[in-house]
Every structure is written in C-alpha cells, then in structure tokens.
Amino acid sequence: MTLTVEQIETTFAAPAEGLADSYYPVLAYWIPIEKLEEVRAAYRATDTTIRIRYRGPRTVSVGREMSRPDKTTYTRSYHRAMQDCLIADATHFTVYDYTAR
C-alpha cells in the first residue's frame, strides 16, 4: 500500500506544544525509518520540498571512523555525535516543510 501525504500527517501528527513555532514547521513526527522511502515518494508526488531529520541513538557513533568527500577520514568526536544522528543509526525520522520560510 502506498502512503499519501494526508495519511502520513494524520498518523504521525506532530505534538502541538513546542513544535508549532519551529523555523521549519513539522509536518510529521517520529516516523519509523522503515517508511523513509514511502514518505519521500509521497511528498515528491505532491511537489512538496521537505527536510528530514534522523532520530535515534547518538552515542553509538562516538569514535566511529568517518570519511569526507575528499576521501580523507576522521574519528567522530563526542561533541559532533551529540549534534545529530547518523542515518545508519536512525530508528525514526521527522519531516519538516522546507518551503515554509
């Protein structure tokens, strides 16, 4: 079954408190990572520009060797790991309206 934007935004509705005044409004919240491609396809079909933030554990990536576009590598620091979640570690994601502002 293919998801529609209406189904996504109803099923995974964002909580009203705290997210209403976001710079980019939250369209859908805490969606399981398994639905990532379905969600992207649904928004692509409606020509909606979205931003996706991955959610999940962060500390598991501390000390992980990462590669840069110029093929050099670095070790992921604790401070960098606390800033965001890597897609490889993500369990959920949030969809933001990227065209709002």
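What the sequence shown shows, in my numbering, is residues 1 to 101, in sequence order.
Beta carbons: idealized from backbone N, C-alpha and C, even for Gly.
Predicted model, so just to flag it, every value in this text is computed and none were measured.
Taking the CB atoms as reference points, tell me whether residue i and residue j lie closer together than 8 Å.
{"i": "Y96", "j": "R53", "result": "yes"}
{"i": "T102", "j": "W30", "result": "The chain is shown only over 1 to 101; residue 102 falls outside these bounds and no answer can be derived."}
{"i": "V5", "j": "T46", "result": "yes"}
{"i": "L86", "j": "S67", "result": "no"}
{"i": "A90", "j": "R64", "result": "no"}
Going by DSSP, what residue range makes up the beta strand (DSSP E) through residue i?
{"i": "E65", "result": "65-67"}
{"i": "A28", "result": "26-32"}
So the candidates are the options; which of them puts its Cα closest to the Cα of residue i?
{"i": "P15", "options": "V26, T48, I8, V5", "result": "V26"}
{"i": "I50", "options": "K71, L36, T91, T2", "result": "L36"}
{"i": "A88", "options": "I33, F12, Q7", "result": "I33"}
Is residue i helix, strand or coil when you go by DSSP?
{"i": "Y43", "result": "helix"}
{"i": "Y54", "result": "strand"}
{"i": "T10", "result": "helix"}
{"i": "V95", "result": "strand"}
{"i": "T75", "result": "strand"}
{"i": "V5", "result": "helix"}
{"i": "L86", "result": "coil"}
{"i": "T59", "result": "helix"}
* To do: Check whether the segment 61-78 touches the segment 29-47, taking contact to mean three or more Cβ pairs, one atom from each stretch, closer than 8 Å.
  => no
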